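Notes to accompany the following structure.
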């Protein structure tokens, strides 16, 4: 596909679509829409041979150092998140699991599958492979991924979601770029998301409309 058409596709997918949804001009539920886009991206990745088929136990044994690094970063994120809530809104600390434990458990189980993995499939794996002809360096693909991922969160209608996902997007992109693993990037994304919902910041990443 020629460069100009790829740019149009990129801007439509990563710019126009979130903007229209934020403005209420794309009246579709967020999760089904995300899953549809992710499904298309996974079909593209699978057809292009970009999805690595690695036996799970071997994969884990070969990535122990990456898993340790993700665990350490997640602990730091958890500590920082707790401190932020303690300072900003102490009454909301662990409010979700305290007041709605069953719904909290459902979010913990479903968020990795219905949100973290689909977003990583789109904003890391698909973006990094699909747009090589127009984003020709790792640096350009990294920043495109980070900024597009952060911009996605305008759909929640608050600046906090956009601001928090800027550094988070950089970390997820760095993990994907260094390991080439959609699984590891999704795992780290899921860990951060579950932390955010647990400690009391989830209200910035949920909008029922």
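Numbering (my numbering), first residue to last: 61 to 269. Glycine residues also receive a C-beta, built at the ideal position from the N, C-alpha and C atoms. Only a predicted model underlies this, so the values are computations on that prediction, with no experimental measurement involved.
Is residue 258 helix, strand or coil by DSSP? Reading the chain shown from its first residue, position 198 is the one you call residue 258. Three-state result, residue 258: helix.
Closer than 8 Å by C-beta to residue 125: which residues in its own chain qualify, once you throw out the five before and the five after it? Chain order, please. Walking along the chain shown from the start, residue 125 turns up at place 65. Contacts found: none.
C-alpha gap between residue 69 and residue 132, whole angstroms: By one-based count along the chain shown, residue 69 stands at place 9. By one-based count along the chain shown, residue 132 stands at place 72. Those two C-alpha atoms are separated by around 37 Å.
Taking the alpha helix (DSSP H) that residue 240 belongs to, which residues open and close that run? On the chain shown, position 180 is the one that residue 240 refers to. Counted as a single uninterrupted DSSP element, the stretch harbouring residue 240 is not any alpha helix (DSSP H), since DSSP gives it neither H nor E.
Measuring alpha carbon to alpha carbon, tell me which residue in 225, 253, 210, 220 is nearest residue 135. Along the chain shown, one-based indexing puts residue 135 at 75. Checked all of 225, 253, 210, 220; the closest Cα to residue 135 is 253.
Straight-line Cα distance separating residue 189 from residue 269: To locate residue 269, count along the chain shown from 1; it is residue 209. To locate residue 189, count along the chain shown from 1; it is residue 129. Below a pLDDT of 50, predicted positions are generally treated as unreliable, and residue 269, at 44, falls in that range; no measurement from the model is reported.
To the nearest whole angstrom, what separates the beta carbons of residue 233 and residue 197, a pair I think is in contact under 8 Å? By 1-based counting over the chain shown, the position of residue 233 is 173. By 1-based counting over the chain shown, the position of residue 197 is 137. Contact doesn't hold; Cβ gap of about 13 Å is too wide.
Between residue 98 and the rest of its own chain, which residues show a CB-CB distance below 6 Å, the 5 nearest in sequence each way excluded? For this step, residue 98 is matched to residue 38 along the chain shown. Taken in chain order, the residues that qualify are 178, 181, 182.
Between the alpha carbons of residue 109 and residue 215, how many angstroms are there, rounded? The count along the chain shown starts at 1 and reaches residue 109 at position 49. The count along the chain shown starts at 1 and reaches residue 215 at position 155. Rounded to the nearest whole angstrom, the CA to CA distance from residue 109 to residue 215 is 32 Å.
Using a 10 Å radius around the Cβ and a threshold of 16 neighbouring Cβ atoms, would you call residue 200 buried or exposed? Locating residue 200 in the chain shown gives position 140, where the first residue counts as 1. Residue 200 is exposed by the Cβ-count criterion.
Rounded separation between residue 65 and residue 129 - CA only: As a first step, residue 65 is located in the chain shown; it is residue number 5 there, counting from the start. As a first step, residue 129 is located in the chain shown; it is residue number 69 there, counting from the start. Taking the CA atoms as reference points, residue 65 sits about 39 Å from residue 129.
Since residue 259 and residue 154 are thought to touch, with beta carbons under 8 Å apart, how far apart are those beta carbons, to the nearest angstrom? One-based indexing of the chain shown puts residue 259 at position 199. One-based indexing of the chain shown puts residue 154 at position 94. Cβ-Cβ separation between residue 259 and residue 154: approximately 6 Å, consistent with a contact (criterion under 8 Å).
Could you please give the first and the last residue of the uninterrupted alpha helix (DSSP H) stretch that includes residue 130? Along the chain shown, one-based indexing puts residue 130 at 70. The continuous alpha helix (DSSP H) containing residue 130 extends over residues 124-148.
Return yes when the Cβ of residue 229 is within less than 7 Å of the Cβ of residue 206, no when it is not. Taking the chain shown and counting its residues from 1, one reaches residue 206 at position 146. Taking the chain shown and counting its residues from 1, one reaches residue 229 at position 169. Yes, the pair counts as a contact, with Cβ atoms nearer than the cut-off.
Got a sec? Which residues, its chain only, sit under 7 Å from residue 141 by beta carbon, not counting five neighbours each side? Residue 141 sits at position 81 when you count from the first residue of the chain shown. Non-local beta-carbon contacts of residue 141 in its own chain, meaning distances under 7 Å to residues more than five positions away in sequence, involve 255, 256, 259, 261 in chain order.
Rounded to whole angstroms, what's the CA-CA distance from residue 151 to residue 218? Just pull it up for me. Position 91 of the chain shown, counted from the start, is the residue given in the question as residue 151. Position 158 of the chain shown, counted from the start, is the residue given in the question as residue 218. Distance from the CA atom of residue 151 to the CA atom of residue 218, rounded to whole angstroms, is 21 Å.
Measuring only the C-alpha atoms, how far is residue 220 from residue 264? The residue given as residue 220 occupies position 160 in the chain shown. The residue given as residue 264 occupies position 204 in the chain shown. Taking the straight line joining both Cα atoms gives about 7 Å.
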